[in-house]
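Protein chains in written order, with the UniProt record's numbering: chain V, 1 to 279; chain B, 1 to 268.
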C-alpha cells in the first residue's frame with residue numbers, strides 16, 4: 001500500500017465496498033485524501049440524480065459532465081441552474097455544431113428511452129475536443145416496490161469521438177457503466193439485496209454519410225445511438241447472468257439443498273450407468 | 001476515535017467476504033493499526049472469521065459467543081483457549097480450557113450432531129457450539145466461505161442459533177453474502193430470521209435446522225426468479241414493444257408510434 005498509487009488504491013477500495021454505499025464511501029475517501037477529489041468525481045460513477053428544467057419543465061439528469069460548481073446545465077434549455085457567471089457560461093456551454101448534435105441526440109435517446117424503458121429520464125451532453133468531440137448519454141429508471149421487488153437502473157455512457165480528416169468516418173470509444181440496484185422484502189426471505197455496477201468498454205469505426213454538415217451531424221447521432229443500444233443490450237444480458245445466474249450459483253456452491261451424500265450416490269450411480277453403456 | 005479512524009473503521013466493517021487486506025492497510029502505520037483494532041475485532045466476530053490454532057489442523061471461528069475478553073477466545077471442541085491478534089487474524093498462546101457448566105453434555109452431543117449434519121449440506125464449513133455467558137442458552141454458529149478470486153467471486157454463509165435448553169426451541173438468523181468484482185462491483189446480501197421448535201435432542205435440533213435452511217434456500221432461489229421476472233424486467237426491456245431494434249436513421253418517425261403505443265400498451 002505504501003508504494004501503491006493512492007488513486008488506484010481508492011478505486012480498488014470502491015470496487016470492493018458495498019456498491020449501495022458508493023456515494024458515502026466516496027465522500028469518506030475524499031475526506032481522507034482531499035487531493036483525489038476531482039479525479040475521483042470524474043471517474044467513479046454514482047447513481048444519477050435528476051433536476052427539473054426551469055425553462056422547459058422537463059426533467060434532466062445530473063452528472064459531472066453537465067456540472068459547473070453547484071450548477072447543472074439543462075440539455076433542454078442549454079442553461080445552467082442556478083445561473084453561473086456569463087464568462088464561465090460562455091466557456092462551458094456548447095455552441096454551434098456540438099450543441100446542434102446534442103439537441104438531436106437528446107431527441108433521439110428520448111425516443112429510445114420510451115421504447116426500451118417505457119418511462120424514466122434520459123439526458124445527453126456533448127462537448128468539443130481538439131479533434132472531434134466527447135459526450136455522455138444517461139438513463140435512469142426506478143421501479144417501485146411490488147411483489148417483484150423494488151429496483152433502480154442508472155446507465156452512464158461516456159464517449160469520445162474522433163473524426164477522420166475526410167469526414168467520411170469516425171472512431172467512437174464508448175465506456176458504459178450500469179448501476180443496478182434491486183431489493184426484495186418478503187416474509188419468505190425477510191430481506192434480499194442485489195446491488196452493484198458493471199463497466200464495459202468498446203471501440204468502433206463507423207462511416208459518416210452525406211456531404212452536408214447536417215447530414216454528417218445526423219450520422220453521428222445514428223452511430224452513437226446504435227452503439228449505445230448495442231452496449232445496453234449486451235450489458236442487460238450480462239447483468240441478468242451475474243445477478244440471477246452467478247449469484248445464485250455461488251449460494252449453491254456454499255450450501256447444497258440436496259444432502260451431499262445423496263448427491264454423491266447419484267453421481268456414482270450415474271457413472272455406473274455410463275460405464276455399463278461403454279462396455 | 002477521530003473521524004478519519006471512524007471512516008477507515010467503516011470500510012473494514014463493510015468489507016466483502018475474504019477481502020479485508022489488513023496487511024496492506026497496516027504497513028507503515030502502526031498507530032493507525034492500533035486505533036483500528038476495535039474495527040478488526042468487530043469484523044472478525046461478526047463475520048465468524050476462522051483461525052488455525054498453533055499445532056492444530058482444524059479451523060476455529062471467532063464470535064461474540066466464544067470471546068473470553070482481553071483478546072482471548074475458547075474452542076469447545078478442542079477445549080482450549082487462545083489469544084487472537086485481530087489485525088493479522090492469527091491465534092497464539094493456547095491454554096487448556098476444560099468444558100464445564102450445566103450444558104457441557106449437551107454441547108458435546110451438539111458438536112457431533114451439528115458437525116455431521118452440516119457436512120451433509122456444506123462442502124466446507126466451520127462450526128462452534130458455546131454456552132452463552134449467563135449459561136441461559138447454547139449458541140450454535142456456522143460459517144461457510146467460498147473464495148474464488150480467479151473468477152472474481154467470493155461468498156459467505158453464516159448461521160447463528162440460540163437454543164433454549166429448557167424448551168429446546170431455537171431462534172436464529174441466516175445471512176448470505178456474495179461479492180462479484182470483475183470490471184464491476186456487485187453485492188448480494190440477505191438475512192433471514194428463523195424460529196424453530198419441536199426437537200427433543202441434539203440430532204432432532206440439527207435436523208430442524210437443516211429443514212429450515214433448506215426451506216430458506218428454496219425461497220431465496222425463488223426470490224432471485226421474482227426479482228428477475230419482476231423489477232428487473234420492469235426497468236429495461238430486452239427489446240422495444242415493436243420487437244425490433246431501433247431504426248436510428250428514422251428516429252423522427254417514432255414520434256407517431258409513440259402516440260399509438262398508448263393505445264395498445266397492453267400488448268407486450
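Every residue, glycine too, gets a C-beta built ideally from N, C-alpha and C.
Would you check if the distance between the CB atom of residue 123/V and the CB atom of residue 113/V is smaller than 7 Å? Taking a C-beta distance under 7 Å as the contact criterion, residue 123/V and residue 113/V do not qualify as a contact pair.
Our contact map puts residue 43/B next to residue 15/B with C-beta atoms below 8 Å; I'd like the distance itself, whole angstroms only. Yes, residue 43/B and residue 15/B are in contact; Cβ-Cβ is about 7 Å, under 8 Å.
Could you tell me which residues DSSP pairs with residue 137/V in its beta bridges? Within the DSSP bridge table, the entry for residue 137/V names 124/V and 157/V as partners.
Run down chain V in chain order and give the residues with a C-beta less than 9 Å from the C-beta of residue 209/B. The premise fails here: residue 209/B is roughly 12 Å from chain V at the closest Cβ pair, so nothing lies under 9 Å.
Distance, Cα to Cα, residue 42/V vs residue 81/V? The alpha-carbon atoms of residue 42/V and residue 81/V are separated by roughly 20 Å.
Proximal residues of chain V, C-beta to C-beta of residue 190/B below 8 Å: Result: 189, 190, 191, 192 and 193.
Going by Cα to Cα distance, which pick from 12/V, 23/V and 164/V is closest to residue 205/V? Residue nearest to residue 205/V within the set 12/V, 23/V and 164/V is 164/V (criterion: CA-CA distance).
Short CB-CB distance (under 7 Å) between residue 117/B and chain V: It does not: the Cβ of residue 117/B has no partner Cβ on chain V nearer than 7 Å.
Meets three-Cβ-pair contact criterion under 8 Å: the segment 210 to 221 of chain V and the segment 71 to 90 of chain V: Counting Cβ pairs under 8 Å, fewer than three are found: no touch.
Which stretch, first to last residue, makes up the alpha helix (DSSP H) that contains residue 115/B? Residues 104 to 119.
Since residue 16/B meets chain V, which of its residues come closer than 7 Å, beta carbon to beta carbon? Ordered by position in chain V, the residues that pass the 7 Å Cβ test against residue 16/B are 16.
Would residue 6/V and residue 23/V be called neighbours here (beta carbons separated by less than 7 Å)? Remark: C-beta atoms of residue 6/V and residue 23/V do not approach each other more closely than 7 Å.
Using the C-alpha atoms, what's the distance from residue 108/V back to residue 168/V? About 22 Å.
DSSP state of residue 43/V mapped onto helix, strand, coil: Helix at residue 43/V.
Straight-line gap, residue 285/V to residue 4/B (C-alpha atoms, nearest Å): A query on residue 285/V cannot be resolved here, the shown segment of chain V reaching from 1 to 279 and no further.
Per DSSP, residue 179/B forms a beta bridge with which residues? 154/B and 187/B.
Opposing strand residues paired with residue 82/B [DSSP bridges]: Bridge partners of residue 82/B: 73/B.
Near residue 55/V, what residues of its chain come up, given a Cβ to Cβ distance below 6 Å and the 5 sequence neighbours on each side ignored? Correct list, in chain order: 77.
Nearest-angstrom Cα separation, counted from residue 241/B out to residue 91/V: Approximately 41 Å between the Cα atoms of the pair.
Listing by chain order, which chain B residues have their CB less than 7 Å from the CB of residue 215/V? Within chain B, no residue has its beta carbon less than 7 Å from that of residue 215/V; the closest one is some 11 Å off.
Got a sec: which bits of the segment 225 to 243 of chain B sit with their beta carbon under 9 Å from any beta carbon on chain V, in order along the chain? Answer set for the segment 225 to 243 of chain B: 225, 226, 227, 228, 229, 230, 231, 232, 233, 234, 235, 236, 237, 238, 239, 240, 241 and 242.
Cβ atoms of residue 186/B and residue 273/V: under 7 Å apart, would you say? Taking 7 Å as the Cβ cut-off, residue 273/V and residue 186/B do not qualify as a contacting pair.
From the DSSP output, read off the bridge partner residues of residue 164/B. Answer by DSSP bridge pairing, in chain order: 169/B.
Alpha helix (DSSP H) segment containing residue 221/V, residue limits: Segment 213 to 240, the alpha helix (DSSP H) holding residue 221/V.
So within the segment 62 to 124 of chain V, which uninterrupted beta strand (DSSP E) runs reach at least 3 residues, ignoring any that extend past its ends? Within the segment 62 to 124 of chain V, the complete beta strand (DSSP E) runs of at least 3 residues are 71 to 73.
Buried or exposed for residue 270/V, please, with buried defined as at least 16 other CB atoms from any protein chain shown within 10 angstroms of its CB. Burial state of residue 270/V is exposed, judged by a 10 Å Cβ sphere holding fewer than 16 other Cβ atoms.
Nearest chain V C-beta to residue 7/B closer than 7 Å, yes or no? Closer than 7 Å: yes.
Over what stretch of residues does the beta strand (DSSP E) that includes residue 142/B continue unbroken? Residues 138 to 148.
DSSP-derived helix/strand/coil call for residue 278/V: Shown here, residue 278/V sits in a helix according to DSSP, grouped into three states.
Determine the extent of the beta strand (DSSP E) in which residue 93/B is found, giving its start and end residues. Boundaries of the beta strand (DSSP E) around residue 93/B: 90 to 96.
Taking DSSP's pairing of strands, which residues face residue 56/V in a bridge? For residue 56/V, DSSP assigns no beta-bridge partner whatsoever.
Can you tell me which of 199/V, 140/V and 246/V puts its alpha carbon nearest to the alpha carbon of residue 234/V? Among 199/V, 140/V and 246/V, the Cα nearest to that of residue 234/V belongs to 199/V.
For residue 9/V, name the three-state secondary structure that DSSP assigns. Of the three classes helix, strand and coil, the one that applies to residue 9/V here is helix, per DSSP.
On the CB-based measure, 16 or more other CB atoms within 10 Å of its CB, does residue 68/B come out buried or exposed? So residue 68/B ends up on the exposed side.
Can you confirm whether residue 251/B, when its beta carbon is compared against all beta carbons of chain V, has any partner nearer than 7 Å? Closer than 7 Å: yes.
I need the straight-line Cα distance from residue 20/V to residue 181/V, nearest angstrom please. A direct Cα-to-Cα measurement between residue 20/V and residue 181/V gives close to 8 Å.
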